[in-house]
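A.B. asks: As they're listed, the protein sequences go chains L and S. Going from the first sequence to the numbering used here is simple: count from 1 and add 10. Going from the second sequence to the numbering used here is simple: count from 1 and add 16. This is the structure I want to talk about, given as structure tokens.
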Amino acid sequence: MKFLRRFIERRQEKWRQSRLLKPWLPLLDAVDAFLFRRAENAREAPFFRDRIEIKRYMMMVVIALMPATVAAVYFWGWRCVLLIFVSYLFGGATEVLFSVVRKEEVNEGFLVTGILFPLTLPAATPWWVVALGVVFGVVIGKEIFGGTGKNFFNPALVARAFVYICFPVQTAAAGVWEPNAATEGWPGGFAHWSSVSVEANAVVDGVSSATPLAARKQWAKAEAGPGKNELKEAIPDLKPMFLGTVRGSMGETSAVLLLAGGLLLVVCRIASWRIILATLVSGAAFSGAMHAAGLRLFAPPLYTLLAGGYMLGAFFMATDPVSAPGTKQAQWIYGILIGVAAVTIRSISGYAGGMMFAILLANVFSPLMDYMVMRTRYRRRRVLA
Amino acid sequence: MAARTRTFPGGYVFKLFKGAIEPGLTVGDVAFPSRVIVPLSQGFGAEVPSLVKESDPVVAGQIIGRDDETVSTPVHAPVSGRVAGFSKVARPGGEVTAVEIAADGSREWQRLERTYGDPAAADPKQLAETLYLGGVTALASKGIPTHLNSSPVGPDGVETLLVSAVHSEPYAMPNDVVLGPNVAAFASGVRLLGRALGGVRAIVGLDERDAALAPELESAFSGDGVEVVLVPAKFPVEYDEVLTEVLLRRAVPDGKTGLDVGALVVDVQACLAAHAACVEGQPVIERLIALGGTGYSETAIVRARVGTPARQVVEGRLVEASVLIENGALAGRLVPDGGADEAWPVTRATWGLTALYEDTSRPLMGWMAPGFDFDSTSRVYASGYIPPKARRADTNLSGELRPCIQCGYCAEVCPRDLLPFHLDRLLSVDAIDEAEEMRLFGCIECGLCSYVCVSKIPLMTHIIAGKRHIIEEHEAERAELLKKQAEEEARRATEAKREGQGDAA
């Protein structure tokens, strides 16, 4: 290891002196910091510090996403890994480019965005759509606001919204690909590059190809008659939705694995349990109440939670600390807004899913929520200095 | 009477750390100093003028600096000998003059003029005077109020005496050494402090972990009406403002201390010093000093004369790579050059010299380590699940400076319910008024926000700088205003003069 360290140190020395290479030092520094802990020591109180650091913090989120990622490979084949790789490659390059221009160190926040974004896409998404999306997400969702910590949208969701709107044909493939595991059993996608041939992309088989959300919507909107019953049969049961053997985006289908990863984040105290709880409870309660009131467009509570990107959004998207509110009280409001908005959008709008738009919407309001909470909080206790 | 446990929101429990001072230590001695450096401001109080000149002979216990006009407490010669000269020493408020004394080796000290066989019957005013002359009144964050100008608050301003017998820092002075064997002296000290303040009621906040001491303390206080309350060892419970809130259930307004709401907070050593001064006639010329931390090859508690160079106190105990810190590792101050030049002394306000190992190693993928002995607010390391193991403590920041990601840890641990990350954000764009509105002055500078920061942002340093900036600005404004007023007056005076002349003409 000493050899490696000396190698990097010598490179740093050389790059610093070379006019051509000097701007690229942040890249080398990032590699250096990634591999070896810095020998920086506290010179002001407190003289010893909490051992947590941003790399560990971000990496825990990536680790929490691992069950869902492995499941994605099982369901849809190894192509998923290619898409994640493409996302990291292009997003990372963009990140490095910005840090070189800014003469700043490369930030680790991208570790999360890089994997979160492809997981929201169907496994059949063309790789260039992933590349374009992630570059857009990093630039427009984060860097133009000033980089990590200053963005007020979740970059992964900005990227998702971008490809959702610009490449509807390519990303509609969610309804086409059948998860392997549902049809083949073990080893499922682990034995395949991708679960269907490219030609299958063109074959859209009306009823059976729908995602849980789309299937339910088709049924709820249909006229009464024999056709409606047929549509009803296409609505998946809760069990496959819980396990993940339904159609949908790569990382969103398996509620149980997302729950496992999400709970890990809560136990590690990385994700705000307030946001998660508020999102889950408000969504389930709102949808359930509307359903009970006889509005068939609204799904029963459990169906709401298990369908679409609700779990992924609640545990991994809404909890992005930068774009979520920082005060506890505002986090409750934020979660409730996401839950209610997501259910409303997915139930009565033209869109099948609502989580993405709901979180982006709540992102917009999160600074305002923080502001309101601080106002009321500090009105009670005036400055007396 | 059962002692109750009270707590407060926020804060952080420091579990067992490596280099912690183990229970059951006996107090050791350090070599008697041949030369002491005595700063003319020690503990609370303004710098006092020296009463001695170079080559004057002095006796230990003799007052060598005193000023009854300013808010201050007299300073004593800690050893007998001759004044060798004057120098400058860096102290928290800036540089202060120090008297250097070459010791003659005698350990005798001069008793205070007036002592009390039965302090309970003594005149409160006389007691207060003895405390002042003995240097005890400097041993509180804003001084112990007396009629002798030892604190900005008058003696009538105190309603309650709060004693902090709790230590929540990893390397603080443990109760079992300083309090355990001295319960009678401690009780006497608390009683006579209460009496000197005009018979105020007293509450002792005792460390929960030392609950075994509670019955003994209660019996020592029986009939005095002194309450013993168990408090959790959650940092920063021993801080003036927090202890007042915990023990009195009374909020301390932002920017104020306990004294402003009528509560005086003192620690165990101050009570023992009060007893020593009033009963034994010994001024504050000695301190118990805790030598804890990973920078020591062996931890210890020593008794040292005030003015002994820090280097001499820790002599032979440090490991090679270490930094020396006066008092706690969380909000203490770095000893200049690690005390290398022997010109940096311990004072009567020093309770510890913490030494931390200076880790400059660069382990491969250190951030991926399981972390069985890493301390963290989060639970991302194995130490969060596998108890108990002594945690590692060294000066390495263990991470790079990064932008704030608003993780909220700082707000969670803040004992004052502030939003440090938001204050930092406001200060970084110079939004001073907003920061003041967001309770910037509520900060009590405990350092927990900097401790827990994921992005390694020195939040406390930024907040302290922001406060200082605002205070300076206010002062500048006031100076400007005064200057304008003076100019105005001068102008009016000349005009009046001219008019007078005009009239005369």
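All residues carry an ideal CB built from backbone N, CA and C; glycine is no exception.
1) Using only alpha-carbon positions, find the residue among S:Arg378, S:Val429, S:Pro161, S:Ala356 that is nearest to Ala1 of chain S.
2) What are the residues of the region 52-67 of chain L that lie near chain S, defined by any Cβ-Cβ distance shorter than 8 Å?
3) Looking only at C-alpha atoms, which of S:His163, S:Asp283, S:Ala451 sits nearest to Ala218 of chain S?
4) Thinking C-alpha only, which one of L:Leu31, L:Pro178, L:Ala49 is nearest Leu380 of chain S?
5) Give me the subset of the region 405-424 of chain S whose CB atoms are less than 7 Å from a CB atom of chain L, sorted by chain position.
6) For the region 152-195 of chain S, which segments carrying the alpha helix (DSSP H) assignment without a break, of at least 4 residues, lie completely within its bounds, in sequence order?
7) Taking Cβ-Cβ distances shorter than 7 Å, what residues in chain S pair up with Val277 of chain L?
8) What is the residue span of the beta strand (DSSP E) that Arg303 of chain S lies within?
9) Hey, is Val213 of chain L's beta-carbon within less than 8 Å of any beta-carbon in chain S?
10) Nearest chain L C-beta to Phe390 of chain S closer than 8 Å, yes or no?
11) In whole angstroms, give me the CA-to-CA distance for Thr260 of chain S and Gly274 of chain S.
12) Specify the secondary structure class of Arg407 of chain S as computed by DSSP and reduced to three states.
13) Starting from Leu315 of chain L, trace the alpha helix (DSSP H) both ways and give me its first and last residue.
14) For chain S, is any of its Cβ atoms less than 8 Å away from the one on Asn117 of chain L?
15) Give the single residue among S:Asp120, S:Val281, S:Ile80, S:Arg455 whose Cα lies nearest to the Cα of Tyr255 of chain S.
16) Going by DSSP, which residues form a beta bridge with Asn161 of chain L?
17) Does any CB atom of chain S fall closer than 8 Å to the CB of Val149 of chain L?
18) Starting from the beta carbon of Trp383 of chain S, find every residue of chain L whose beta carbon is closer than 8 Å, and list them in chain order.
19) Near Asp215 of chain L, what residues of its chain come up, given a Cβ to Cβ distance below 6 Å and the 5 sequence neighbours on each side ignored?
20) Among residues of its own chain, excluding the 5 on either side of Trp283 of chain L, which ones have a beta-carbon nearer than 7 Å to its beta-carbon?
21) Using 8 Å as the limit for Cβ to Cβ distance, is Ala288 of chain L near chain C?
22) Quick one: grab the DSSP three-state call for Phe33 of chain S.
23) Examine the Cβ distances between the region 485-497 of chain S and the region 361-376 of chain S and report whether three or more of them are shorter than 8 Å.
24) Is Val332 of chain L near the ligand ZN, in the sense that its beta carbon is under 7 Å from a heavy atom of that ligand?
25) Are the beta-carbon atoms of Ala81 of chain L and Ser204 of chain L separated by less than 8 Å?
26) Are Ile301 of chain S and Val322 of chain S close, meaning C-beta to C-beta below 8 Å?
27) Using C-beta distances below 6 Å, list every residue in its chain close to Lys104 of chain S, excluding the 5 sequence neighbours before and after it, in chain order.
28) Is there contact here, the region 351-369 of chain L with the region 318-333 of chain L, by at least three beta-carbon pairs under 8 Å?
29) Where does Asn198 of chain S sit, in a helix, a strand or coil, going by DSSP?
30) Which residue's Cα is closest to the Cα of Trp342 of chain L: L:Phe172, L:Leu290, L:Trp138?
31) Report the rounded CA-to-CA distance for Val468 of chain S versus Asp60 of chain L, giving the unit in angstroms.
32) At a CB-CB cut-off below 8 Å, which residues of chain S make contact with Thr158 of chain L?
33) To the nearest angstrom, how far is the alpha carbon of Ser394 of chain S from that of Ile62 of chain L?
34) Tell me, please, whether the CB atom of Ile448 of chain S is closer than 8 Å to any CB atom in chain L?
35) For Lys12 of chain L, name the three-state secondary structure that DSSP assigns.
36) Interface residues of chain L around Gly368 of chain S at Cβ under 9 Å?
C.D. replies: On the basis of the supplied data:
1) Residue coverage of chain S in this structure runs from 17 to 521, which leaves residue 1 of chain S outside it and unanswerable.
2) Within the region 52-67 of chain L, the residues whose Cβ lies closer than 8 Å to some Cβ of chain S are Ala52, Arg53, Glu54, Ala55, Pro56, Phe57, Phe58, Arg59, Asp60, Arg61, Ile62, Glu63, Ile64, Lys65, Arg66, Tyr67, listed in chain order.
3) In this structure, S:Asp283 is the residue among S:His163, S:Asp283, S:Ala451 with its C-alpha nearest to the C-alpha of Ala218 of chain S.
4) It is L:Ala49 whose Cα lies nearest to the Cα of Leu380 of chain S.
5) So the list reads Ala409, Asp410, Thr411, Asn412, Leu413, Ser414, Gly415, Glu416, Arg418, Pro419, Cys420, Ile421, Gln422, Cys423, Gly424, given in the order they occur along the chain.
6) Listed in chain order, they are 191-194.
7) Ordered by position in chain S, the residues that pass the 7 Å Cβ test against Val277 of chain L are Arg395.
8) That run of the beta strand (DSSP E) goes 302-307.
9) Only weak support exists for where Val213 of chain L lies, its pLDDT of 41 falling under 50; the value from the coordinates is given anyway. No, Val213 of chain L does not count as interfacial toward chain S.
10) Yes, because at least one Cβ of chain L sits closer than 8 Å to the Cβ of Phe390 of chain S.
11) Rounded to whole angstroms, Thr260 of chain S and Gly274 of chain S show a C-alpha spacing of 6 Å.
12) Three-state result, Arg407 of chain S: strand.
13) Unbroken alpha helix (DSSP H) run through Leu315 of chain L: 311-316.
14) Asn117 of chain L counts as touching chain S.
15) For Tyr255 of chain S, the nearest C-alpha among the options comes from S:Val281.
16) According to DSSP, which records beta bridges pairwise, Asn161 of chain L is partnered with nothing at all.
17) Not closer than 8 Å to any Cβ of chain S, the Cβ of Val149 of chain L fails to qualify, so no.
18) Those are Arg47, Glu63, Lys65, Arg66, Met69, listed as they occur along chain L.
19) Since pLDDT at Asp215 of chain L reaches only 40, below the 50 mark, its modelled position is unreliable, and no value is offered.
20) Counting only Cβ-Cβ distances below 7 Å, and skipping sequence neighbours, we find Val276.
21) Annotation note: the requested chain C is absent from the structure, which comprises protein chains L and S.
22) Phe33 of chain S falls in the strand class under three-state DSSP.
23) Taking one beta carbon from each stretch, the region 485-497 of chain S and the region 361-376 of chain S have fewer than 3 pairs nearer than 8 Å; the two do not touch.
24) Among the ligands in the structure shown, none appear at all, so the ligand ZN cannot be discussed.
25) Their beta carbons are not under 8 Å apart, which means Ala81 of chain L does not touch Ser204 of chain L by this criterion.
26) Taking 8 Å as the Cβ cut-off, Ile301 of chain S and Val322 of chain S qualify as a contacting pair.
27) Counting only Cβ-Cβ distances below 6 Å, and skipping sequence neighbours, we find Glu111.
28) The region 351-369 of chain L vs the region 318-333 of chain L: in contact.
29) Here Asn198 of chain S sits in helix by DSSP.
30) The residue with the shortest Cα to Cα distance from Trp342 of chain L is L:Leu290.
31) Our two residues, Val468 of chain S and Asp60 of chain L, have alpha carbons roughly 5 Å apart in a direct line.
32) Identification of chain S residues near Thr158 of chain L by a Cβ-Cβ cut-off of 8 Å yields Arg418, Pro419, Ile421, ordered along the chain.
33) The straight-line gap from Cα to Cα measures roughly 7 Å.
34) Chain L, which has no Cβ nearer than 8 Å to the Cβ of Ile448 of chain S, makes this no.
35) Under the three-state reduction of DSSP output, Lys12 of chain L falls in the helix class.
36) Residues of chain L passing the Cβ test: none, with the nearest at roughly 12 Å.
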